[in-house]
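Quick note: the sequence shown uses the working numbering, first residue 10, plus one each step. Please read the structure below before turning to the comments.
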Amino acid sequence: MKAIRIHAHGGPEALVADDVEIADPGPGDVRVRHTAIALNFSDINVRRGGFYQQEPMPMPLIPGNEAAGVVASVGDGVTDWRVGDRVAYAGMHGPFYRNTGAYAQERNVPADRLVAIPECVSDRVACGLLLKGATAASIIERIFPPREGQTILVHAAASGVGSILTRWAAHLGAIVIGTVGNRDKARAALANGAAHAILYREQDFVTQVKKIAPLGVHAVFDGVGKDTFVRSFDCTAPFGTLVNYGNASGHVPPIDMIDLAQKGSLSICRPAVSYFLNDAARLRAVAERLFALVQSGVLAVDIAATYRLEDVAQAHRDAEAGKHAGSVVLLP
Ligand SMILES: NC(=O)c1ccc[n+]([C@@H]2O[C@H](COP(=O)([O-])OP(=O)(O)OC[C@H]3O[C@@H](n4cnc5c(N)ncnc54)[C@H](OP(=O)(O)O)[C@@H]3O)[C@@H](O)[C@H]2O)c1
């Protein structure tokens, strides 16, 4: 089968299409023929190397943590799945940079990692939803459930995770202020329910947020990191909560706890989606909740772009340039 591998860390050109052998599924495993593969920002971190990968990674490796597809065959002892079932998965136990392998036409996956895709959800939406939606769930269900009338600042509000956060928070009655990189993304954020969109590369977002919410926002949901997180302290209301869930612009610098007192008794949190992905029961449960939210129209996944799997280098280039408004899907 064709798989995309990296033989060493590097730029997008490190992603090469190789012919690789795939064994029959072992006991407890299911062979999934992929129909849609998610591009997640974590794939870029794996390709680049560094980040918080502590040991050298075994090369060559197939990147990718998330895909949807059809059961092609099952190994001994698998009773939950049958050939032809539509399934999706995100994560494979352990940190995102271990046990990758989704950038391939097929993959053997432990049966307990799979979730069933409901009939009304497409494969593309399923694989655009699971990991990013579970990340949003870790914030909205566990850290800061937005309430009617609260003001929430969502950075990169048209990103894969940001667009889900925006929709979800707006549905719960929050007034969402989204920062975005360009006018198309501003339109996307507003269409997803944001009340305001700030072009944060053209305008100082702290000044703009204070114009909209003079007392400060109740919470900040930030996947941008280095360029936005610490500055957001200045537009958060006393006792507000700042969630840094991602580092698209780089790591947030170390924070002195006393700053949280001086800036107004702030709380900060840094969630990891592995809470949901590393536990099969939790993964199934959050997937069911997310699919139900899609079915009821609360959540939608904006598929910003699709690329052929062999064009994945271009997909990475475009994602690193911040071109997309929504989720990106690779088609094998
Ligand atoms: N905590 C977790 O477990 C978890 C789970 C999922 C994702 N994440 C992280 O969350 C972040 C966002 O993920 P995502 O799926 O929403 O990503 P995405 O769809 O690729 O969007 C990233 C957005 O960040 C903005 N950005 C700002 N500075 C950037 C830079 N230097 N390079 C690239 N983009 C930049 C861009 O939007 P603008 O043009 O609007 O600025 C870009 O579109 C990533 O860091 C990802 O690794 C963490």
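Each residue gets a CB set at the ideal place from its N, CA and C atoms; glycine is no exception. Since this is a predicted model, take the numbers as computed values, not measurements.
Starting from the Cα of residue 310, find the closest Cα among 131, 267 and 110 and give me that residue. In the sequence shown, residue 310 corresponds to position 301, counting from 1. Cα-wise, what sits closest to residue 310 is 131.
Contact check, residue 52 vs residue 72, beta carbons under 7 Å: What you label residue 52 is simply residue 43 of the sequence shown in a count that begins at 1. What you label residue 72 is simply residue 63 of the sequence shown in a count that begins at 1. Yes, the pair counts as a contact, with Cβ atoms nearer than the cut-off.
Across the segment 299-308 and the segment 323-341, are there enough close Cβ pairs to call them in contact, namely three or more that are closer than 8 Å? no
Do residue 18 and residue 1 count as a contact pair if the criterion is CB distance below 7 Å? As displayed, the chain neither begins before 10 nor continues past 341, which places residue 1 out of reach and without an answer.
Cβ neighbours of residue 176 in the same chain (closer than 8 Å, five flanking residues each side left out): Taking the sequence shown and counting its residues from 1, the one referred to as residue 176 is at position 167. Leaving aside the five residues that flank residue 176 on each side, the residues in its chain whose CB is nearer than 8 Å to its CB run, in chain order, 201, 202, 307, 308 and 309.
Give me the residue from 144, 134 and 114 with the minimum Cα distance to residue 284. Reading the sequence shown from its first residue, position 275 is the one you call residue 284. Out of 144, 134 and 114, 144 has the C-alpha closest to the C-alpha of residue 284.
Would the C-beta of residue 305 count as close to ligand 1, meaning under 6 Å from any of its heavy atoms? Position 296 of the sequence shown, counted from the start, is the residue given in the question as residue 305. Checking every heavy atom of ligand 1 against the Cβ of residue 305, none is found closer than 6 Å.
Segments assigned alpha helix (DSSP H), at least 4 residues, entirely inside the segment 197-243: 214-221
Within the segment 82-166, note down every full beta strand (DSSP E) run reaching 3 residues or more, in order along the chain. If we require 3 residues or more, the beta strand (DSSP E) runs fully inside the segment 82-166 come out as 95-99, 115-119 and 160-163.
Within 10 angstroms of its Cβ, does residue 194 collect 16 or more other Cβ (buried), or is it exposed? Taking the first residue of the sequence shown as position 1, residue 194 is located at position 185. Buried, since its Cβ has 16 or more Cβ neighbours within 10 Å.
Using 6 Å as the cut-off, classify the Cβ of residue 82 as near or not near the heavy atoms of ligand 1, replying yes or no. In the sequence shown, the residue the question calls residue 82 occupies position 73. No; taking the cut-off as 6 Å, the Cβ of residue 82 has no heavy atom of ligand 1 nearer than that.
Please go through the same chain and pick out, in chain order, the residues whose beta-carbon is closer than 6 Å to the beta-carbon of residue 248, but skip the five residues on each side of it. The sequence position of residue 248 within the sequence shown is 239, counting from 1. Taken in chain order, the residues that qualify are 274.
CA-CA distance, residue 244 and residue 319? On the sequence shown, residue 244 is found 235 positions in, with the first residue counted as 1. On the sequence shown, residue 319 is found 310 positions in, with the first residue counted as 1. One C-alpha to the other measures close to 43 Å.
Which of helix, strand or coil does DSSP assign to residue 56? Within the sequence shown, numbered from 1, the residue matching residue 56 stands at position 47. Looking at residue 56 - three-state DSSP - the assignment turns out to be helix.
To the nearest whole angstrom, what separates the beta carbons of residue 136 and residue 31, a pair I think is in contact under 8 Å? Position 127 of the sequence shown, counting from 1, holds the residue named residue 136. Position 22 of the sequence shown, counting from 1, holds the residue named residue 31. Taking the Cβ atoms as the reference, residue 136 lies roughly 19 Å from residue 31, outside the contact range of under 8 Å.
When DSSP builds the beta bridges, which residues end up paired with residue 43? In the sequence shown, counting from the first residue as 1, residue 43 sits at position 34. Assignment of beta-bridge partners to residue 43 by DSSP yields 78.
For residue 49, which residues in the same chain have their Cβ closer than 7 Å to its Cβ, ignoring the five residues on either side in sequence? Against the sequence shown, residue 49 aligns to sequence position 40. So the list reads 74, 75 and 140, once near-sequence residues are dropped.
Using 6 Å as the cut-off, classify the Cβ of residue 35 as near or not near the heavy atoms of ligand 1, replying yes or no. Taking the sequence shown and counting its residues from 1, one reaches residue 35 at position 26. Residue 35 Cβ: outside cutoff for every heavy atom of ligand 1.
Count the other C-beta atoms from every protein chain shown that fall within 10 angstroms of the C-beta of residue 184, then say buried if there are 16 or more, exposed otherwise. Counting from 1 along the sequence shown, the entry for residue 184 is found at position 175. Counting of Cβ neighbours within 10 angstroms places residue 184 among the buried residues, the total reaching 16 or more.
With the cut-off set at 7 Å, would you say residue 125 and residue 89 are in Cβ contact? By one-based count along the sequence shown, residue 125 stands at place 116. By one-based count along the sequence shown, residue 89 stands at place 80. Not closer than 7 Å, so no.
Whole angstroms are fine: how far does the CA of residue 278 sit from the CA of residue 286? On the sequence shown, residue 286 is found 277 positions in, with the first residue counted as 1. On the sequence shown, residue 278 is found 269 positions in, with the first residue counted as 1. Distance between the alpha carbons of residue 286 and residue 278 is about 19 Å.
Look up residue 184 in the DSSP assignment and give the residues it is bridged to. Position 175 of the sequence shown, counted from the start, is the residue given in the question as residue 184. Residue pairing of residue 184 in beta bridges, as defined by DSSP: 160.
By the three-class DSSP mapping on this structure, what secondary structure does residue 38 have? The residue given as residue 38 occupies position 29 in the sequence shown. The answer is strand: DSSP assigns residue 38 an E or B state.
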